[in-house]
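Using our numbering, the first residue of the sequence shown is number -9, and each one after it goes up by one.
Each residue gets a CB set at the ideal place from its N, CA and C atoms; glycine is no exception.
None of these values were measured; they are calculated from a predicted model.
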Amino acid sequence: MKFSLSLLSICILSFILIYSCSTEEEESVAPVVQTPEPIPVKYTLTVSAAEGGTVSSEGGTYDEGTEIEIIATPNVGYVFGGWIGSNSTSASISLNLSANIELEAMFLSINSINNDPLLFNYDTSKSYIGELVDFYPSAFFASDVPQYIRESLNNALKTAADRYGKYGPVEFWSLGTEEAAAQELLNLYCERRDHLNHSDKQSCLIGMEDNFMDRAKVGRDAIQNGECRVDGSHSGGFQWGFHDMRTTYLMGFDDSFDCRPFGDDYFTIVHEYFHVVQLASVFNLESEVRRNRVAPNDAIWMIEGAAQYMGKYTVYKLQDEGISIFPSNKWTGGLRNGMKDSMVDGKYHFNLCPDIEFSRIKGSDNCRQAAYSLGAWAVAYLINKVGNQNILTDTFYPNLSSLGFEGAFNLAFGYSSEEFYEEFDTFLKLPIEQQLEIIPDI
Ligand SMILES: [Zn+2]
């Protein structure tokens, strides 16, 4: 009876486990517990959305291998900026769970400067070349650039974009002084190029290394030698469809260097940004044609003079409006005073090449600075002639691509450039007091 009972219990147990129990096997059945079916491995997916948008799912616990699609949707005024926890740049992401995953969708306001080189404040699948856009430029900083310099550059860029138009995409790469930090920034620059299929990372690193290192050296030398030098540049980017901007260490924004006023760096940023406006108008053209539109016969007075004058005008105008970003070490004396200095500087440099006409000064001439300083006066003269401070962005540059330099000049200013050169030659001989009358009193 005892035996039968235990046999019965084995039978029942086996039945439960293997669904059958044969009496014929009574003698050989051992009381072995069969291995249970493996319990599926489960993973946790956690999905969240940063400020500016939503995600289609918050995640949950799923069996290994489950396919899940998550979609990030930006709110109005934002764009999808990437995922924390994934390299995907797509707002819609498909996952096959094989580990616990945490994802956060990032969104960027189109109303601010993007400072993260891994994020994009515009739709990277679109081309915006030469178009007015609704998103701001980006500014990326070497790790040794202090926060207050970053804020000042962001402010200058945002202001310039608000006043002169947003053309995209624009990337401002701002160097510090340390080599290691420049190397890190170069790495981010090349990751971004790789990400956007502009260039593979390795060839980018090789091609751009000197450029980034040299710029860090400019800042380092400027501080060590007390030279107070800052170089900004529009470094092209045409082949990749973006405005590639650089700046060396912005020591004017750093108040530990008295030798360079805050306004000088603000001016530099606006000057360089104005090149974005100018070049956006001819961005699509083949390089030689483009060059000839903005600087016919390589004469630089218009491209550099306009950037100089708009830069100066903007700084004095902002100071005049009491914009709070300007610290106490303001540019002094107003725009007329600034332009008076430009006349002196321009005439001094012009005398260095007496055989070259003002309208023909090239970037390679040793009197090139005259084209900057007298060019600023030439542009101020033209603006005053038509009585429209925005004539360059309203009429001249928007028509430059289709009409060419002379056509756009005629349309904007009502006469030929030759007629203007003659008139301006006479103007340059006037006493300074009379010349200053054409400059706004700000
Ligand atoms: Zn320039």
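Whether residue i touches residue j by CB criterion (9 Å)
i, j, result
"residue 135", "residue 147", "no"
"residue 90", "residue 35", "yes"
"residue 335", "residue 346", "no"
"residue 93", "residue 83", "yes"
"residue 387", "residue 271", "yes"
"residue 257", "residue 302", "yes"
"residue 62", "residue 44", "yes"
"residue 131", "residue 98", "no"
"residue 344", "residue 245", "no"
"residue 139", "residue 117", "no"
"residue 395", "residue 282", "yes"
"residue 251", "residue 325", "no"
"residue 285", "residue 397", "no"
"residue 287", "residue 391", "no"
"residue 308", "residue 149", "yes"
"residue 348", "residue 399", "no"
"residue 306", "residue 432", "yes"
Other residues of its chain near residue i: CB distance less than 7 Å, five sequence neighbours each side excluded
i, result
"residue 361", "290, 291, 294, 295, 351"
"residue 385", "401, 402"
"residue 467", "This structure cannot settle anything about residue 467, because the visible part of the chain is limited to -9 through 432."
"residue 102", "126"
"residue 208", "219, 221, 238"
"residue 167", "134, 206, 209, 210, 213, 239"
"residue 15", "Caution applies to residue 15, whose pLDDT of 46 falls short of 50 and renders its modelled position unreliable; the model cannot decide the point."
"residue 280", "272"
"residue 508", "Any property of residue 508 remains undetermined from this structure, which presents the chain solely from -9 to 432."
CA nearest to the CA of residue i, picked from the options
i, options, result
"residue 196", "177, 213, 318", "177"
"residue 69", "302, 26, 95, 254", "95"
"residue 297", "328, 265, 286", "265"
"residue 169", "182, 150, 149, 204", "204"
"residue 120", "157, 188, 367", "157"
"residue 372", "417, 337, 344", "417"
"residue 42", "111, 310, 32", "111"
"residue 53", "45, 88, 154", "88"
"residue 141", "337, 428, 259", "259"
"residue 85", "104, 59, 106", "59"
"residue 122", "155, 149, 106", "155"
"residue 255", "348, 145, 193", "145"
"residue 46", "277, 81, 129", "81"
"residue 171", "184, 199, 25", "199"
"residue 215", "249, 153, 185", "249"
"residue 186", "236, 108, 337", "108"
"residue 435", "363, 405, 365, 393", "The requested residue 435 does not occur in the structure, where the chain is confined to residues -9 to 432."
"residue 75", "66, 64, 40", "40"
"residue 328", "366, 338, 357, 313", "366"
"residue 363", "374, 380, 382, 340", "340"
"residue 314", "263, 253, 332", "253"
Coarse secondary structure for residue i, derived from DSSP in three states
i, result
"residue 335", "helix"
"residue 13", "With a pLDDT of 43 at residue 13, under the threshold of 50, the modelled position of this residue cannot be trusted; read the value that follows with caution. Helix, per DSSP."
"residue 260", "helix"
"residue 116", "coil"
"residue 41", "coil"
"residue 253", "helix"
"residue 89", "coil"
"residue 83", "strand"
"residue 369", "helix"
"residue 436", "In the structure as shown, the chain begins at -9 and stops at 432. Residue 436 is therefore absent and cannot be evaluated."
"residue 432", "coil"
"residue 109", "coil"
"residue 62", "strand"
"residue 57", "strand"
"residue 424", "helix"
"residue 197", "helix"
"residue 349", "helix"
"residue 99", "strand"
"residue 361", "helix"
"residue 74", "strand"
Own chain residues within Cβ distance below 6 Å of residue i, not counting five before or after
i, result
"residue 227", "233, 234"
"residue 369", "295, 296, 299"
"residue 230", "188"
"residue 442", "Given a span of -9 to 432 for the chain in the structure shown, any question on residue 442 remains unanswerable."
"residue 48", "37"
"residue 128", "104, 161"
Chain-order list of residues whose beta-carbon lies under 8 Å from that of residue i (same chain, five-residue window excluded)
i, result
"residue 12", "Any reading at residue 12 needs caution, since the residue's pLDDT is 44, under 50, leaving its predicted position unreliable; the model's value is listed next. The answer is none, since no qualifying residue turns up."
"residue 322", "none"
"residue 50", "34, 35"
Which ranges would you report for the beta strand (DSSP E) in the stretch 141 to 188 if only whole runs of at least 3 residues count? Complete beta strand (DSSP E) runs here, min 3: 160 to 164.
Runs of 3 residues minimum, wholly inside the stretch 209 to 240: which ones carry the beta strand (DSSP E) assignment? 222 to 224, 233 to 237
4 or more residues per run - each alpha helix (DSSP H) lying fully within the stretch 270 to 347: 277 to 284, 291 to 310, 324 to 340
Beta strand (DSSP E) segments (min. 3 residues) lying fully within the stretch 378 to 422: none
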